[in-house]
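Visitor:
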Amino acid sequence: MPRRDDIKRIMVIGSGPVVIGQAAEFDYSGVQACKVLLEEGYEVILVNSNPATIMTDPEFATSTYVEPLLPGPVAAIIEKERPDALLPTLGGQTALNLAMDLSADGTLEKYEVELIGANRDAIIRGEDREVFRQVMTEAGIRIPWSITVESVEQALKELDDGDASLPAIIRPAFTMGGQGGGIAETREELERVVARGIAASPIGQVLVEESVIGWGEFELEVMRDHNDNVVIICSIENVDPMGVHTGDSITVAPAQSLTDPVYQSLRDIAIAVIRAVGVETGGSNVQFAVNPADGEIVVIEMNPRVSRSSALASKATGFPIAKMAAKLAVGYALEEIPNDITRATPASFEPTIDYVVTKIPRFAFEKFPGADERLSTYMQSVGEVMSIGRTFRESFAKALASRELDSRPEIPGSDEDLLAAIATPTPGRIDLALAAFERGLSVEQVHDQTRIDPWFLRELALLASDGDGTDGLERIYNSVDTCAAEFEAATPYYYSSHEPAGSPSEVRRGDRPSVVILGAGPNRIGQGIEFDYCCVHAAMTVRECGRDAVMVNCNPETVSTDYDTSDRLYFEPLTIEHVLAVCEKEKPEGVIVMFGGQTPLKLAEGLKEAGIPLLGTPVEAIDGAEDRGKFGALIDRLGIKPPPYGTALSAGQAEEIAAGIGYPLLVRPSFVLGGRAMEICYSADDLRVYLDKHVKASPEHPLLLDRFLENAIEVDVDALCDGREVFVAGIMQHVEEAGVHSGDSACVIPPMSIGQEMIDEIKAATSAIALELGVIGLINIQFAVAAGELYVIEANPRASRTVPFVSKAMGIPLAKVATRIMLGQTIAEQNLPEFTGNHVSVKEAVMPFSRFQGADSVLGPEMKSTGEVIGIGADFPTAFGKAQAAAGVALPETGTVFISVTDTDKAAATQLAAQLHDLGFGILATGGTAQAISRMGTPVRAINKIADGSPHVVDMIENRQCDLVINTPTGSGARADGYEIRSAAIRHGIPSVTTLTGASAAVRAISAHANGSGEVRSLQELHGG
Amino acid sequence: MSELNPGYVLLEDGSRFEGQLCGTAQGGVGEVVFNTAMTGYQEAVTDPSYAGQIITFTYPMVGNYGVSAQAMESGLAHARGVIMREAGNNTDAATAEGGWLDWLQSNGVWAITGVNTRALVRQIRDRGAMRGGIFEAGISVEEAMGMIEDEPTMAGSDFASRVSPGSPIEHDGNGPHVVALDTGIKSSIVNQFLERDCRVTLLPCLTGADEVMARQPDLLFLANGPGDPAAVSAVTDTIGELIGKKPMVGICLGHQLLCRAVGLGTFKLPFGHRGSNHPVKDLETGVIEITSQNHGFAVLGPGGSETIEQDEPVRWKTEHGDAVLSHINLYDRTVEGLRLPEAKAMTVQHHPEAGPGPRDSRHLFDRFLDLAKVG
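Read top to bottom, the protein sequences are chains A and B.
Residue numbers for the first sequence, in the numbering used here: 26 to 1050.
Residue numbers for the second sequence, in the numbering used here: 476 to 850.
1) Give the interface partners of valine 507 of chain B over in chain A, defined as CB-CB distance under 9 Å, in chain order.
2) Name the two residues that bound the continuous alpha helix (DSSP H) containing alanine 180 of chain A.
3) Measuring alpha carbon to alpha carbon, tell me which residue in A/Glu305, A/Ile436 and A/Ile982 is nearest glycine 920 of chain A.
4) Classify valine 616 of chain B as buried or exposed, calling it buried when 16 or more other Cβ atoms lie within 10 Å of its own Cβ.
5) Taking Cβ positions only, does alanine 461 of chain A come closer than 8 Å to chain B?
6) Does the beta carbon of tryptophan 240 of chain A sit closer than 8 Å to a beta carbon anywhere in chain B?
7) At 7 Å on the CB atoms, spell out the chain B contacts of phenylalanine 417 of chain A, in chain order.
8) Looking only at its own chain, which residues have a Cβ that is under 7 Å from the Cβ of glutamine 752 of chain A, when we skip the five neighbours before and after it?
9) According to DSSP, is threonine 276 of chain A helix, strand or coil?
10) Give, in chain order, every unbroken run of the beta strand (DSSP E) that is at least 3 residues long and sits entirely within the segment 491-535 of chain A.
11) Three-state secondary structure (DSSP) at aspartate 478 of chain A?
12) Give the interface partners of valine 256 of chain A over in chain B, defined as CB-CB distance under 7 Å, in chain order.
13) Looking at the secondary structure, which residues open and close the alpha helix (DSSP H) in which glutamate 262 of chain A lies?
14) What does arginine 814 of chain B pair with, by DSSP beta-bridge criteria?
15) According to DSSP, what are the bridge partners of threonine 588 of chain B?
16) Please tell me whether glutamine 281 of chain A has its Cβ less than 8 Å away from any Cβ of chain B.
17) Which of helix, strand or coil does DSSP assign to threonine 511 of chain B?
18) Isoleucine 325 of chain A to glutamate 163 of chain A, Cα distance in whole Å?
19) Can you tell me which of B/Arg555, B/Met622, B/Gln528 and B/Pro754 puts its alpha carbon nearest to the alpha carbon of alanine 630 of chain B?
20) Exposed or buried, which one is glycine 395 of chain A when buried takes at least 16 other CB atoms within 10 Å?
21) Measuring straight from C-alpha to C-alpha, what distance separates proline 197 of chain A and glycine 165 of chain A?
22) Thinking C-beta only, is proline 76 of chain A closer than 8 Å to phenylalanine 733 of chain A?
23) Do proline 788 of chain B and leucine 815 of chain B have their CB atoms nearer than 8 Å?
24) Does glutamate 781 of chain B come within less than 8 Å of chain A when only Cβ atoms are used?
25) Do you know whose CA, among B/Gly621, B/Glu611, B/Cys727 and B/Met536, lies nearest glycine 489 of chain B's CA?
26) Alpha carbon to alpha carbon, what distance is there between glycine 862 of chain A and leucine 1047 of chain A?
27) Name, going along the chain, the residues of the segment 527-542 of chain A whose beta-carbon falls closer than 7 Å to a beta-carbon of chain B.
28) Evaluate contact between the segment 501-508 of chain A and the segment 539-556 of chain B, counting only Cβ atoms and requiring at least three cross-stretch pairs below 8 Å.
29) Which bits of chain B does threonine 370 of chain A rub up against, with CB to CB less than 9 Å?
30) Could you give the DSSP three-state label for lysine 33 of chain A: helix, strand or coil?
31) Can you check DSSP and say which residues form a bridge with valine 567 of chain A?
32) Roughly how many whole angstroms lie between the Cα atoms of alanine 812 of chain A and glutamate 819 of chain A?
33) Please confirm whether glutamine 289 of chain A has its beta-carbon closer than 8 Å to some beta-carbon of chain B.
34) So with Cβ pairs under 8 Å, would you call alanine 314 of chain A a contact of chain B?
35) Consider the Cβ of alanine 604 of chain B: report whether some Cβ of chain A lies at a distance smaller than 8 Å.
36) Excluding five sequence neighbours on each side, which residues of the same chain lie with their C-beta closer than 8 Å to the C-beta of serine 13 of chain A?
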């Protein structure tokens, strides 16, 4: 059946902000879907609250809404746009859940919107554990057994009756993070752990489940069309056995250790699962555990939608799962769709590959001091790298290089300690295993500790002893072609591999000059999807300007590594070696290093030395901005003030300089992104602790010290410069005061509390700095306004994290404009539109604290957010309320607010308390804060600090007796209490604000009843596109 | 792998690929083909259909899970040699009874590793399957080319009678009696019949029609096998005599031989179909099955055409009534199966028994036996 003509307007829901477990891969899948639907002649209504996505660029939909992904706002969009169908399977769990909510609350029925891709029943069968269990059992598919018990006796009886067996996992019902649970390997342990679990469970109930920890873990990506034809796109084998979340596991494709009969059994079961669950069209992912001893297979779970693994499988095979899923959803059958890559064969086949793909996750534990680094069954990684090599070792070595780690794990001295450390799955375990092999420990020893399949371990041991096997071979480039070269590939998607001398490369190109764009590598905190967004825009623009766009990147989650994005994609590590090799092949007109964050910038010097032309801002200008001394001299020439600062090359010098500048002081190493190891020191003692703990200042690693401006307003500016003219594109006022990392601070366009004179001063300073530095392209400058004075904090002559936000808020694609500048167009030639909108745009950061047990949720100079959302409204409170709602912080309209602030914040806090009281809220406070509020005549209920005993503040939160927490920790002695309070609030999903300015904004939003709903306007309406 | 002796692959068009020898010491020549499956290396090498051939595995890591008796598709290795990117001798897998390299050695299979198999495959894809060989580095190209040229081409070669058993082999069962002309049958095919409780008799492929009928078959089975179907005219003649006497089914070479017996032609595919991922459409049900494939020749369609454009059960004349197209290959639109209703016969080109490869088409064995019931 060809495309459906009975539907005309299709709504696509994105996945919202980047959070752990749901990242850029859904922008990749969403973009593919939107492109397909538009190409097929449908009108697309897109909703996504994440401005840093390509899918929310106005050209990818008929109407684009950057609204909170909540039933209210989306229902309002449905009412306004009247789509015929809703495609919910390409926006991750968020989109799927939202679609289910809209189905349950009757919205879809009311407006006659059909769910396409997966229907409600199939989603329930795939997602609801109990229903899934039942469906699998009926289909004769084995899943791990699971029994609910309420007493030790009952557990033992189940064991004796043979309904339970050992080892088993005990999970107490309704406890957070599996508290009180454990694994029982013996009868005695079962007794003990069940007793403990029942005690820990508020309802005295535990789930006893079959333990498959240590079994091999496999995934199959499956696609089905409405003719019931099913194909397997890719098999994936986890190097880390069961027990580590697949998102946190090192994985390879295809499966390496399975015999043909076992693989075929997995294939048969996967097909049976997708049929039993009833996903009618589209992609699904089925996860298996396989007992290495006897090949026994159990199904762990299935996702009835496109997933992170599908993105990986698409990049691993060249088969675009999301694109195909969109086509299937609108009526096509697999056999009616040509295979993109061969163009000669249909999509109703199974890709076969002639290389090995490795994925390694990227973690960010260093950002969360105190967090437990143990990997477990819930995901904690923030990004991933993928690599392709002809052999396992080549592929694995490339993946290791792609990680771009800041630091390597420490290797324990003794063999015993090393083996003991290897037993625990952690981000660095693979490095420890390699170290063990280098030291001559055996495959058997490491296997005993890790249960990692010996096949992998033998390969890793060989990697440690003999290297990656590329000695004496030549680097060439092969194509990713879905078919192991059986058919000619039309798609230019390449990877390097090493083959005997004289082997041919497959790179094909015409006469057009090429421009190489270096991507941002793995997503991490501080360098996320925003940079990929810029790289994609660069590629689009390079193509528009008549050159071949050549992308180099190693992040499988991204739009930049979609082979459609550029003219040639090289899936390679972003190391100088690999990038120079690509340049050697491409002989490019130039390389763009300005859009991928710090990753490509670090390569700029090496590229320049190798004689590779760099486009845009010259390396010297980057250095001129990053070198404190040079930059200080530059702004001095321009008559622009920095906060008092200094650069220390030793610890002693740091203390000396600090004394001269005065405290509080902002301290950080130079050349870092995302505020790594950045702290505020309030005293000389603080500074000494910092120097001891973190950073050894040295001539190679200078330490930057800045006077920290208290109560300053921080301002971010993104501007464009062509060498002659400067275009100030966006001036953002931070909602949080200076001191909170700009990536974590909410910010607003236009600025809310800065006068026109100061705006003019900011613009003038921006122009002067950009021109003086010699910027050709983008520059981001951070300013602080304190007591009516403007200070420049830092300038970064490259694309910043806020470029997508400013682009969406202002309706000007900054990265595209910047690319054209780099290719020689002037700003004047580009005729940039004057901004005429009267809307307010707020960006809010999204925090991952709930993922890290033990980590504090305080905001500070080190960036901790994983993603961002945008809220657009007619005024600040509405926009702020939308941004909060989109970030998952549902501001209450009534109820009780708990306030606890430091002494310096008390005066302002009493104001807020009075306002909240007038809005009808009850006020709770401890000790001094309660006194201060009470003295101002506001009724307040004083409650105990934790030390005063129960019932104390944390009890109130645990019992959900408060609806909003305002708790400022900076410089306070009551740190422990604050930590407990904030942790409890996070555990129970109660909005918690940790800065007073943030609280003030929240109160304004509450008083405007701005809870995320309100008028919805598409970007096309806002910007007249 | 540093101790391995250097060697090379030479194709008859002169292209040369370096590597290291890792099987039996001396190399040799045959038809060089490629297989795109990612698993099932031992099954492939022991499949008699590979007789006379050297298999290039496109998947670069071969030998990962060792070898086992269960994976034998016949009693011995039939492929002459294997060409690999990286060969392993691992025995860690629970099912491994030995290492792949050791097994290749002890089974007399020539083997070479470290080869840029992708470049070799692209050469074959573009130029067609051709003769070639695996040679020690010390053998000159001239000498090697001489050996290649002495090897007969696959077109015109009869390998089927060489792999056929010398005497009948019988398997007990209570169901229909399947009598096969064994041109190199795979164990997986026999097992599919045995799982359905058939009694199975495998006869040497040169057994005469009378002797076949004397076995009182309920179903005549024409097996897979190696070589050019045009080169085994004796078997084709026997089939011609048997047509119509009993329901008859065929797989792979058996399919080609039956078609030749009713006057249809066969032709050599440019580089063949060998792998586990080819989509085949069943035109009776509309279902697309992912199939296991291993053939270098194919049957001509209506009017002698090599490909068929429409997805329909087209009919065309044969010497025994109409042929009805039942299966088509969606990769290159060649004939994948047909029915001869008047002859009570049906055949498929691909391997419904799997072993190795997907099992989507195993249900065809039920369809075969339904034909036997109709009698």
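Glycine is no exception: its CB is placed at the ideal position from the N, C-alpha and C atoms.
Guide: Checking against the coordinates, here is how it stands:
1) Going along chain A, no residue has its Cβ under 9 Å from valine 507 of chain B, so there is no contact; the nearest lies around 14 Å.
2) 177-186
3) For the set A/Glu305, A/Ile436 and A/Ile982, the Cα lying nearest the Cα of glycine 920 of chain A is the one of A/Ile982.
4) With fewer than 16 other Cβ atoms from the protein chains shown falling within 10 Å of its own Cβ, valine 616 of chain B counts as exposed.
5) Chain B, which has no Cβ nearer than 8 Å to the Cβ of alanine 461 of chain A, makes this no.
6) no
7) Met536
8) Note on identity: in this sequence residue 752 of chain A is phenylalanine, with glutamine being the wrong assignment. Cβ within range, chain order: Ala744, Leu745, Ile852 and Leu857.
9) strand
10) 499-504 and 518-524
11) coil
12) Within 7 Å Cβ-Cβ: Ile765.
13) Per DSSP, glutamate 262 of chain A belongs to no alpha helix (DSSP H); it is in the beta strand (DSSP E), 255-263.
14) B/Val799 and B/Met821
15) B/Gln495
16) yes
17) coil
18) 16 Å
19) B/Gln528
20) The residue in question, glycine 395 of chain A, is exposed, as its Cβ has fewer than 16 Cβ neighbours within 10 Å.
21) 28 Å
22) no
23) no
24) No, its Cβ sits nowhere closer than 8 Å to a Cβ of chain A.
25) B/Gly621
26) 7 Å
27) Ser528 and Pro529
28) no
29) Pro754, Leu805, Tyr806 and Asp807
30) Taken through DSSP and simplified to helix, strand or coil, lysine 33 of chain A comes out as coil.
31) Paired residue(s): none; valine 567 of chain A is not in a bridge.
32) 19 Å
33) Using a CB distance cut-off of 8 Å, glutamine 289 of chain A counts as an interface residue toward chain B.
34) no
35) no
36) The displayed coordinates of chain A run from 26 to 1050. Any statement about residue 13 of chain A would go beyond what the structure contains.
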